[in-house]
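No gaps in the numbering here: position 321 of the sequence shown is 448 in my numbering, and each next residue is one more.
Contents: one structure, followed by commentary.
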Amino acid sequence: MRPVSGGAVDGAAPYRARDRRARVLPPPPGRPRIAGAPPRVAVAGGGIAGLAAALCLAERGVRVTLYEREEWLGGRLAGWPVRLDDGSRATMSRGFHAFFRQYYNLRGLLRRADPRLGMLTALPDYPLRHSSGQYESFARVPRTPPFNALGFVALSPSFGLRDLARMRPAAALPLLDVRVPGVYERLDRVSAWDFLTRVRFPEAARHLAFTVFSRSFFADPRELSAAELALMFHIYFLGSAEGLLFDVVGEPFPQALWEPLGRRLAELGAQLSRATPVESVEPAPGGGLRVTAGGVTRPYDAAVLALDTGGLRQVVANSPRLGTGRWRAGVERLRTAPPFLVSRLWLDRPVAHGRPGFLGTAGYGPLDNVSVLDRWEGEAARWAARSGGSVVELHAYALDPGADRQAEQDRLLAQLHRVYPETRGARIVGSCHEWRADCPLFPVGGHAGRPTVHTPDPAVVLAGDLVRTDLPVALMERAATTGFLAANALLERWGVRGQTLWTVPAEGRCRPLRAWARLAAR
């Protein structure tokens with residue numbers, strides 16, 4: 128690996144990294160494209176990971192068939208049409224997603240649709256509000272570590288002198304020396320909750336840490352591995368100079384992202400089979416694979432399984448000759464995070480002027496954040512302009528699996544009225560509620576048993592945010608990165624050069640602080 132400050136990302140427009148210590152990982156050497164008869168590859172899953180793998184392979188001459196069980200692309204970032212009570216057409220999705228500046232590989236994928244990334248627009252702040260009245264902002268916090276940490280503590284009302292005196296800095300030292308995979312060896316058997324308890328974070332700051340990092344995994348911090356929490360601190364705060372500000376998509380996901388990428392795949396000669404779930408993948412007697420999708424079995428030379436936890440478990444269960452017993456048992460042990468709820472409301476009156484496009488919340492019952500979509504999404508803004516109303520989205524993570532759905536939806540609405548009181552008299556013109564429980568759980572002690580990109584069968588590779596990798600990536604960026612890694616693994620077998628990857632620095636940025644942390648750990 129070597130540090131870079133700019134350069135082309137495999138044919139896309141140059142990406143000027145703001146962080147001068149961003150790292151580039153060149154792929155193994157090889158030819159630029161397939162020579163001779165192209166191999167056939169089945170890609171199961173049309174989300175971020177599957178699209179990354181499929182595009183990387185198709186660009187290099189591989190014959191790709193992309194199977195997606197739904198009618199639309201995007202996986203857990205998909206969108207689909209709905210009709211409101213007033214007759215308006217709208218797009219529903221599983222909710223707000225932040226495209227952070229350190230998502231280098233995801234942005235490399237999106238550049239296939241638009242090299243200028245014109246589909247993204249920046250939000251000016253990442254505000255967080257506690258029910259006690261405390262309000263946090265990252266707009267004025269420096270980006271470069273360790274000045275961002277010092278600046279945040281200095282600017283945050285969560286850290287008073289008494290709070291700072293009670294903290295145990297020695298317990299927080301692992302955050303200064305995050306290395307992958309070393310961080311898992313040190314912290315994977317500790318919960319995020321216990322780790323922050325040891326540090327004695329101030330109560331308000333603890334809510335902040337959970338809001339920004341732990342809750343991003345849709346998990347209760349008592350179940351989440353502290354290693355994942357530390358990795359998140361490294362990626363977004365202590366290891367990267369990109370900061371915690373982010374971009375959002377200016378139009379709904381299908382129009383802005385997935386349909387353009389789908390068209391690009393078709394231009395490259397790939398086949399897209401929507402509403403066609405992959406059911407099994409079995410080694411063929413004479414070599415290669417037999418992939419059954421939509422009830423039809425076809426031969427392929429290789430396969431990429433870019434599925435969510437439930438989908439991967441089902442395919443492996445249906446493929447008794449795939450992999451080894453130990454590997455299959457590891458897949459079977461994978462768990463999903465508790466359910467989450469996304470409520471999108473089309474209101475007949477506007478939210479007060481000056482409300483942010485996104486607000487993280489803590490102390491408001493199940494409510495984790497509020498988005499005012501018409502502040503930044505074109506479709507919502509056009510509806511608001513026509514109707515004089517607003518489009519508001521509410522998120523609640525890690526809910527009780529046995530919770531009464533209507534009661535939880537009502538609780539979210541009541542908390543919205545607390546956060547933005549002007550919505551109390553608003554009439555709901557339309558509403559959509561999405562209950563899902565398909566995000567991967569990263570439990571305490573679970574890292575070692577998580578599958579990697581490579582499987583016991585070299586013709587089958589995995590991709591997705593559930594996949595273990597020794598790179599400092601998470602969430603959407605882990606999905607994109609493992610998608611490219613899966614494609615690279617297959618391309619290396621055929622002597623073809625794969626995708627160049629980028630990451631934040633592989634370890635803490637400040638050498639004296641790293642040395643202090645390592646000395647204290649002895």
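Don't be surprised by glycine CBs; every beta carbon is placed ideally from N, CA and C.
All figures in this text were calculated on a predicted structure; none of them were measured in a lab.
DSSP state of residue i, grouped into three classes?
i	result
Ser343	helix
Ala266	coil
His581	strand
Ile161	coil
Arg316	coil
Val431	strand
Ser215	coil
Phe360	helix
Leu247	strand
Phe380	helix
Tyr194	strand
Pro387	helix
Asp374	strand
Trp510	helix
Phe467	strand
His522	strand
Phe223	coil
Of the choices the options, whose alpha-carbon is the least far from that of residue i?
i	options	result
Val170	Pro156, Cys183, Pro548 and Arg460	Cys183
Ala727	Val458, Leu589, Gly635 and Ala420	One cannot answer for residue 727 here, as it falls past the ends of the chain, which runs 128 to 649.
Arg482	Arg333, Tyr231 and Val546	Val546
Arg349	Ala319, Ala607 and Val405	Ala319
Val209	Leu486, Trp629 and Leu472	Leu472
Asp146	Tyr363, Phe380 and Ala444	Tyr363
Ala292	Leu282, Leu300, Asn275 and Phe328	Phe328
Val376	Thr248, Leu486 and Trp385	Thr248
Ala429	Arg243, Arg551 and Leu449	Leu449
Gly202	Gly437, Trp503, Pro528 and Ala266	Gly437
If you drop the 5 nearest sequence neighbours on each side, which residues of the same chain put their C-beta closer than 6 Å to that of residue i?
i	result
Arg401	Glu195 and Glu198
Pro165	Gly188, Val189 and Arg190
Ala464	Phe345, Ala346, Cys566 and Leu568
Ala607	Ile175, Ala179, Asn232, Leu233 and Leu236
Ser343	none
Arg595	Arg577 and Thr579
His574	Tyr311 and Asp315
Arg306	Glu634
So, at 8 Å on beta carbons, what are the nonlocal neighbours of residue i in its own chain, with the 5 sequence-adjacent residues on each side left out?
i	result
Glu535	Leu468, Pro493, Ala523 and Leu526
Ile654	Limits of the chain in this structure are 128 at one end and 649 at the other, which puts residue 654 out of reach.
Met294	Val326, Arg327, Phe328 and Pro329
Arg333	Leu323
Cys268	Inspection of the sequence shows that residue 268 is occupied by Val rather than by Cys. So the list reads Asn275, Gly278, Phe279, Leu282, Gly370 and Leu371, once near-sequence residues are dropped.
In its own chain, which residues sit with a C-beta less than 7 Å from the C-beta of residue i, not counting the 5 before and 5 after it?
i	result
Ala411	Arg417 and Pro426
His581	Val588 and Ala616
Leu521	Ser470, Leu494, Val497, Leu539 and Leu543
Trp562	Pro466, Leu468 and Arg532
Gly389	Leu200 and Leu399
Gly652	It is not possible to answer for residue 652, since the shown part of the chain is limited to 128 through 649.
Arg440	Val458, Glu459 and Leu461
Leu598	Val307, Thr608 and Thr630
Arg636	Arg148, Pro272 and Gly366
His257	Ala331, His334, Ala489 and Gly490
Ala383	Met246, Val376 and Gly377
Could you give the residue range of the beta strand (DSSP E) that holds residue i?
i	result
Pro208	Gly206 to Arg210
Val443	Where Val443 is concerned, there is no enclosing beta strand (DSSP E), although the alpha helix (DSSP H) it sits in stretches over Thr436 to Ala444.
Gln398	Gln398 to Ser400
Phe485	Phe485 to Ala489
Trp562	Ile555 to Arg563
Could you please give the first and the last residue of the uninterrupted alpha helix (DSSP H) stretch that includes residue i?
i	result
Cys183	Ile175 to Glu186
Val280	Phe274 to Leu282
Leu602	Leu602 to Arg620
Cβ pair count under 8 Å reaching 3, the region 609-625 against the region 577-597 | yes
Touch test, the region 368-378 against the region 213-231, Cβ-Cβ under 8 Å, three pairs minimum | yes
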